[in-house]
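**Q**
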Amino acid sequence: MIDQLPVRAPGYVRPTPVRRTSESHNRVAIQLSRDPQIWSLKKAESDAAKKKPKTSAAQIRVQKDLTELELPSTMTTHFPDPTDLLNFTLTINPDEGMYKDGSFVFNFVINLNYPHEPPKVKCTQKIYHPNVDIEGNVCLNILREDWKPVLNLNAVIVGLQYLFLEPNADDPLNKEAANDLMHDRVTFEHNVWLSMNGRSVRGISYDMVTTKRF
């Protein structure tokens, strides 16, 4: 017995298989791109890429400077924001000289022109010193006219440390302190002791910075 083929109805046309073309793929892609959720995800990725901070030349140089630092036990650095290398503090604890047993904190602010411009350095305390005024401004030649791009943070830190070992009366910001240092060293040393213990010198009250308690 021979199987018979199914009978087609009059006018029957066999359907042609649908082939996906590049045009249909494009239509699908357009539809997906218009999907609100997918669009918001792509926008979030784009915004995140734009917000990602670029590492500046100043940051690269500061990172190099900090890597090369070899601070003695009398100095420490602190970064309030570990991701921000351009703003930090330096604490100096002299172990000799007239400022021995003091703890002096300096704030460093480095702009994006570093090393073509020096860092801005200020003492955060009111101290009695020929080269530091009562507002914390520091008189150090390499922070001004003697700054050169080849200098680094280590040079600045060493310079600050030296100010406490050998105060410079020839280039003062606190002229009264410089005058005492030049003409009456005994009085100067006494005033340093008073100021470090939070006492007043010539009517000006200074911050207690001594780490030694009696």
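Residue numbers 1 to 214, in the UniProt record's numbering, belong to the letters of the sequence shown in order.
The beta-carbon is built from N, C-alpha and C at its ideal position, and this holds for glycine as well.
Classify Leu85: buried if its beta carbon has 16 or more other beta carbons within 10 angstroms, exposed otherwise.
**A** Taking the sequence shown and counting its residues from 1, the one referred to as residue 85 is at position 85. Looking at its Cβ environment, which holds 16 or more other Cβ atoms inside 10 Å, Leu85 is buried.
**Q** Just curious, the beta strand (DSSP E) that Lys64 is in, first and last residue?
**A** Here residue 64 refers to the residue found at position 64 of the sequence shown. Not the beta strand (DSSP E): Lys64 falls in the alpha helix (DSSP H), residues Ala57 to Glu68.
**Q** Suppose contacts are defined by Cβ-Cβ distances below 7 Å. Is Thr67 in contact with Asn93 by that definition?
**A** The residue given as residue 67 occupies position 67 in the sequence shown. The residue given as residue 93 occupies position 93 in the sequence shown. Against a cut-off of 7 Å, the Cβ pair of Asn93 and Thr67 comes out as no contact.
**Q** Output the boundary residues of the alpha helix (DSSP H) element that contains Ile157.
**A** Here residue 157 refers to the residue found at position 157 when the sequence shown is read from its first residue. Segment Leu153 to Leu165, the alpha helix (DSSP H) holding Ile157.
**Q** What does DSSP give as the partner residue(s) for Val138 in the beta ladder?
**A** For the purposes of this step, residue 138 is taken as residue 138 along the sequence shown, with counting starting at 1. Beta-bridge pairing links Val138 to Val132.
**Q** Would the beta-carbon of Cys65 fall within 7 Å of that of Leu153?
**A** The sequence position of residue 65 within the sequence shown is 65, counting from 1. The sequence position of residue 153 within the sequence shown is 153, counting from 1. For the record, residue 65 in the displayed sequence is Asp; it is not Cys. For Asp65 and Leu153, yes; Cβs fall inside 7 Å.
**Q** For Tyr99, count the other beta carbons within 10 Å of its own beta carbon; 16 or more makes it buried, fewer makes it exposed. Which is it?
**A** Reading the sequence shown from its first residue, position 99 is the one you call residue 99. Its Cβ being crowded by 16 or more others within 10 Å, Tyr99 is buried.
**Q** Ignore the nearest five residues each way along the sequence and tell me which others in Phe79's own chain have a CB closer than 6 Å to its CB.
**A** In the sequence shown, residue 79 corresponds to position 79, counting from 1. Cβ neighbours of Phe79 beyond the five flanking positions: Phe88.
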